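A short write-up of the structure that comes next.
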Amino acid sequence: MKNYNPQEIEKKWQKIWEEHKLYKTPDKSDKPKYYTLVMFPYSSGDLHIGHWYNFAPTDVFARFKRMNGFNVMEPIGFDSFGLPAEGAAIKRGIHPADWTKENIANMEKQLQSMGAIYDWSREIISSEPYYYKWTQWMFLQLYKADLAYKAKVPANWCPSCQTVLANEQVVDGVCWRCSSVVERRELEQWLFRITKYADELLDDVEALDWPEKTKTMQKNWIGRSEGVEINFPVISNKKGDIKEQLTVFTTRPDTIFGVTFMVISPEHPKLSSFVIQENKEAVSNYIEEVKKKSELERVALEKDKTGVFTGSYCENPLSRVKVPIYVADYVLMSYGSGAVMGVPAHDQRDWDFAKKYHLDIVEVIRGGDVANEAYTESGEMANSDQFNGLDSKEAKKRISDYIEKEHLGKRKINYHLRDWLVSRQRYWGAPIPIIYCEKCGLVSVPETDLPVLLPYDVDFTPKGKSPLATNSEFVNTKCPTCGGKATRETDTMDTFVCSSWYYLRYPNPDLEDKPFDTDLISYWLPVDTYVGGAEHTVLHLLYSRFFTKALKDFGYLKFGEPFKTLRHQGIILGPDGQKMSKSKGNIINPDELVKAYGADTVRTYLCFMGPYDQGGPWNPKGIEGIYRFLTRVWILTNKQKDIFSAQELTVEERRFMAKTVKKVTDDLTCFRFNTAVAAIMEWFNFLRGKKTVYGEEIKNLIILISPFAPHLAEEIWQIVFNSAKEFEPKLSVHNQLWPAYIKQHLEEKEVWVVVQVNGKLRDRLLVAVGTSKEDIQKLAEGSPKVSKFLKDKVLCDIVYVSNRLINFVVS
RNA sequence: GCCGGGGUGGCGGAAUUGGCAGACGCGCUGGACUUAAAAUCCAGUGGUGGUGACACCGUGCAGGUUCGAUCCCUGUCCUCGGCACCA
């Protein structure tokens, strides 16, 4: 018998699989399809153990599905546009395109060592023209449908990187890469009108098979809140005549009689018209102060409310009370109408503000102690004219009705979700396919002219404007409409645009005249199981859902949700329990693990570590346990080779085998990899303790283990069953055997019944299934372990659970 | 502050969702093999008491419901994520 040599075995089988094109996914098949996908990896350079943790168990799952008779597609590709490529390229003096290509070549090699069933002919690289051509096409479709537009908006500007950053690239007010304090700048930017789909995105999330946490995060991100927009007439301090209206948004119209002041955002466009002469200086000083404050400081100062009186007043349209208008930076221009009504008695922020500036606090809902803090719950209405005595929940409806009836305002729904800013002033991204013509204005690039190629020779070191603008050959062009002089848009698209539709491309990666074939897409999509990290995924997942919904409305898709089932993998920490990082020197390199133990061991250990969505510290000793296990499997199966025979198994043996098969099936279906491995180990330990292990048992062992350790399984299959030509211990065998087998052998004829006295375990009885309560009672009472606890006691009751338990209640 | 997930041996974690707590693995202890070590194999391994069969205690803490609670309810402490002046 040869020693277990994983490296040799793995090399051998990976070659055979490739030669036989075993894992080439047919476009269509009679088999039911199964589309399983991991989140588009970024072409960062090296695969780390976190990638493996994402990909390996997912491949175990994909292999499992394949063995169960599905036409499985498990594609792979690279998300390869983006700022890190530029950063690394600048640092190392390599062009981003070359850097990216190098990285991808390396990552492909690493991925191949894993033994996954990727169909490499379907690989997608998002920075290649054949792909971004269709990213640009997507942009044009959105533009056509008025879902893409250009507007002046406040954007996050990093003064050090000299570029706009996405919201997700700003962490606690500083740039994620250089930690500079991010500034707000008003800039002309391209945006996608995702807010148009806010309700649909919110409503449809409920039915998805996604982790509840992720669904909640999406719901919170969309942040729908129902309220009322109310117009307050403005009275200038001097004259008292009505010259303007101030519109506020509130979710608490029931508190309107408690308004004692108004607050307007420093960025509010109408602000200057409210400021009277005497207060002009104070207000402009205040605005200057606010401008100086960075986002970071605004957050850090948190609850400390500041503001200045404008000098004007509002009239409460319901109570006719005159209240002062303040400007304060705790009111955000970006939400609601940029102005709020101050109800200190029932809103803590307003309460804080009122206390600081000695404004009145008028209680209109009973139930709290408004002298000490705001009362934000519901209760009985007071000080509210005709609404007094009502419950505030009811008053909310009545007051809203009244406001609408009297034309003082209207019901309104607001969202936390903003339109998606997609312009980037960077080089390494898909160019936005728009042309500016002196005569015709803004013109889209005709679809036949796509792709708008990203030029290679560009000075991409950050200079504060789009690098593409420095390349006159790129910039200067002809207007597609009039043929006159025109210039190209020089911003590129956010990489999240690339990853918002890539899952639609895998079924038809080589299609030249369209991004995807609707019929083929209808067969493969939606993705059955989508797997990726829980961090940073709200945006990608939301964007992808938005794209799918928009493309459906355009008539290209027949489904409205891209990812039916979503699972997250946890984060693997260093052996020290810290997040892995170069500076801490606690990085686990998968290549070294493969070299030491083989891919099969790494795959299986990643599955066995713990619950998949949990992750946790890497245990260098733990992987040795798996290596031992696989070695033992190798030894046992090889040893038993000669006595392989069609011997009959006992009932007990069959049951254990069937139980294991069922457990592994159930666990893998639910992504419980750790307990699936444990079940195989348990059964294996039983086999190891037997004098003779039969061929049927070995066959099943190999089948069960093959999704985890496919190379090992192939090798043993070949050795034990002497089938030199056959590869992949197909579950077609298994398929027929599996469900019928379970049915036949799992049915138990005898069961252990637990005997308790006052709920405490005292004995166990092995009885035939269906034994009567009376017989079990007799047996139990006859047991000395039980009877000694029944002696001298009064029997009050007997609880009996059929085939499971009997409990004597005594006193 | 708001929302959500967790607290089980020395460690990672199991437990058919109310019915044998600690599966499986790591580690540790003892033994076999070896001149020796490594590797491998065998046995043991929640705590306390007892030579022992056994007994009692034990799933963050305090109560409650129940014949019976790791699981359900109330309170409380700790911890990890996400969002955060959203009116």
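Anchor point for the first sequence: position 341 equals 340 in numbering that gives the first Met the number 0, and the numbering is continuous, going up by one each time.
We treat Cβ as the ideally placed atom computed from N, Cα and C, and that holds for glycine.
The structure displayed is predicted, hence computed values, not measured ones.
- The shortest CA-to-CA distance from Ala-327 to any of Ala-370, Pro-265, Gln-385 is the one to Pro-265.
- Counting along the chain, the unbroken beta strand (DSSP E) around His-567 starts and ends at 562-568.
- Per DSSP, reduced to three states, the secondary structure at Val-247 is strand.
- Taken atom to atom, the span from the alpha-carbon of Arg-417 to that of Ile-193 is near 7 Å.
- Within the stretch 782-810, the runs of beta strand (DSSP E) that reach at least 3 residues and sit entirely inside it are, in chain order, 794-800, 804-809.
- In the structure shown, the three-state DSSP call for Ile-286 is helix.
- By the Cβ-count criterion, Asn-588 is exposed, with fewer than 16 other Cβ atoms from all chains shown falling within 10 Å of its own Cβ.
- Residue environment analysis places Arg-184 among the exposed positions, since fewer than 16 neighbouring C-beta atoms fall within 10 angstroms of its C-beta.
- Shown here for Trp-350: same chain residues with a beta carbon closer than 8 Å to its own, the five before and five after excluded, namely Pro-343, Ala-344, Ile-360, Val-369, Glu-372, Ala-373 in chain order.
- His-567 counts as buried, since at least 16 other C-beta atoms from the protein chains shown sit within 10 angstroms of its C-beta.
- Scanning the stretch 491-543 from its first residue to its last, the whole alpha helix (DSSP H) runs of 4-plus residues come out as 494-497, 517-523.
- DSSP lists Gly-341 as the bridge partner or partners of Phe-260.
- Phe-63 sits in a helix when the DSSP states are folded into three classes.
- Beta-bridge partners of Arg-423 (DSSP): Thr-491.
- Here Gln-755 is bridged, per DSSP, to Leu-760, Asn-806.
- Across the set Gly-428, Trp-427, Gly-576, Val-474, the C-alpha of Val-474 shows the shortest separation from the C-alpha of Cys-436.
- Considering only Pro-210, Lys-23, Ala-96, Ser-311, the residue with the shortest C-alpha distance to Gly-531 is Pro-210.
- Note on geometry: alpha-carbon atoms of Lys-583 and Pro-574 lie some 11 Å from one another.
- With fewer than 16 other Cβ atoms inside 10 Å of its own Cβ, Pro-25 counts as exposed.
- C-alpha of Ser-580 to C-alpha of Ile-586: approximately 6 Å in a straight line.
- Take the alpha-carbon of Asn-757 and the one of Leu-686: they are about 38 Å apart.
- DSSP, read as helix, strand or coil, puts Glu-101 in helix.
- Around the C-beta of Asn-470, 16 or more other C-beta atoms lie within 10 Å, and the residue is accordingly described as buried.
- The alpha helix (DSSP H) runs of length 4 or more contained entirely in the stretch 613-679 are, from start to end of the chain, 619-638, 650-668.
- Counting along the chain, Lys-354 sits inside the alpha helix (DSSP H) bounded by residues 347-356.
- Relative to Ala-678, the option among Lys-690, Phe-628, Ile-634, Leu-648 whose CA is nearest is Phe-628.
- Judged by DSSP secondary structure, Ile-704 falls within the alpha helix (DSSP H) whose first and last residues are 694-704.
- Its chain contains Gln-424, Thr-489, Asp-490 as the residues whose beta carbon lies nearer than 6 Å to that of Ser-465, once the 5 sequence neighbours on both sides are disregarded; these appear in chain order.
- Between Arg-487 and the set Val-451, Leu-565, Gly-222, the nearest pair of CA atoms involves Val-451.
- Looking at the DSSP output, Ser-224 shares a beta bridge with Asn-413.
- Under the 10 Å beta carbon count, Tyr-33 is surrounded by 16 or more other beta carbons and is classified as buried.
- Beta-bridge analysis with DSSP links Asp-78 to Tyr-41.
- In this structure, DSSP gives Arg-183 an extended state, which the three-state scheme calls strand.
- For the stretch 102-153, the continuous alpha helix (DSSP H) assignments of 4+ residues that do not extend past its boundaries occur at 128-143, in sequence order.
- In terms of Cβ geometry, Ser-178 and Phe-256 do not form a close pair [threshold 8 Å].
- For Ala-468 and Ala-87, the gap between their C-alpha atoms comes out near 22 Å.
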